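Read the structure below first, then the notes.
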Amino acid sequence: MKFDALKVGKLLAAFKQAQKRLQDLARLPKEEFLTDPDKIGSAKYHFIVAIEAAIDLSNHIIARNNLRIPEDYADTFRILGEAGIFPPEFVTTLIKMTRFRNRLVHIYWDVDSDTLYNILVNGLKDLDAYLKAMGKFFTGNKEEPYC
1 MKFDALKVGK
11 LLAAFKQAQK
21 RLQDLARLPK
31 EEFLTDPDKI
41 GSAKYHFIVA
51 IEAAIDLSNH
61 IIARNNLRIP
71 EDYADTFRIL
81 GEAGIFPPEF
91 VTTLIKMTRF
101 RNRLVHIYWD
111 VDSDTLYNIL
121 VNGLKDLDAY
131 LKAMGKFFTG
141 NKEEPYC
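In full-length UniProt numbering, the protein residues as written are 1 to 147.
Next comes the structure, spelled out in structure tokens:
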């Protein structure tokens, strides 16, 4: 499959930077996180950036390889699943990630801080798995990650 290495590099850099910030926030004690509106806002922003970068990376692969046009953001991950880049069970996880992004962007007032903290502490493994899967895709290697 084809891709533009420069574009991929920029998107991966944005993804990794947001991922690093989220990892830093995840190390905070729950009470410290929940009582600081700046930390809550930072987590929301960095989740949006990481998930947007994942969507943009996926859309780039779709466009470069003339795969079918996505119906929505979640569909970008379905398409890459159909192309064999992601296993079906991981596509389901990525769709949930996209729904979370949609809540942060469109229903931001309804994102509970406790839920946000729980996702921050327990959900970053999904970002790690995405990065690992993309690394395998970009190298064509099933063992060694690119990213």
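Glycine is no exception: its CB is placed at the ideal position from the N, C-alpha and C atoms. On a predicted model such as this, the values are computed, not experimentally measured, just so you know.
Beta carbon of residue 44 nearer than 8 Å to that of residue 116
yes
Determine contact between the stretch 96-116 and the stretch 34-52, defined as no fewer than three beta-carbon pairs at a distance below 8 Å.
yes
Exposed or buried, what is residue 139 when buried is set at 16 or more other beta-carbons lying within 10 Å of its beta-carbon?
exposed
CB-CB length for residue 98 against residue 73, believed under 8 Å
5 Å
What first and last residue would you give for the alpha helix (DSSP H) that runs through residue 37?
37-64
Run through DSSP, which three-state label would residue 147 get?
With a pLDDT of 44 at residue 147, under the threshold of 50, the modelled position of that residue is not reliable, and no figure is offered here.
Is the beta carbon of residue 2 less than 8 Å from the beta carbon of residue 65?
yes
Count the other CB atoms, across all protein chains shown, that sit within 10 Å of the CB of residue 51; report buried if there are 16 or more and exposed otherwise.
buried
Which of helix, strand or coil DSSP assigns to residue 88:
helix
Under 6 Å Cβ to Cβ from residue 15, same chain only, skipping five residues before and after it: list those, please.
50 and 53
Run the CB neighbour count on residue 13, radius 10 Å, all protein chains shown included, and call it buried at 16 or more, exposed below.
exposed
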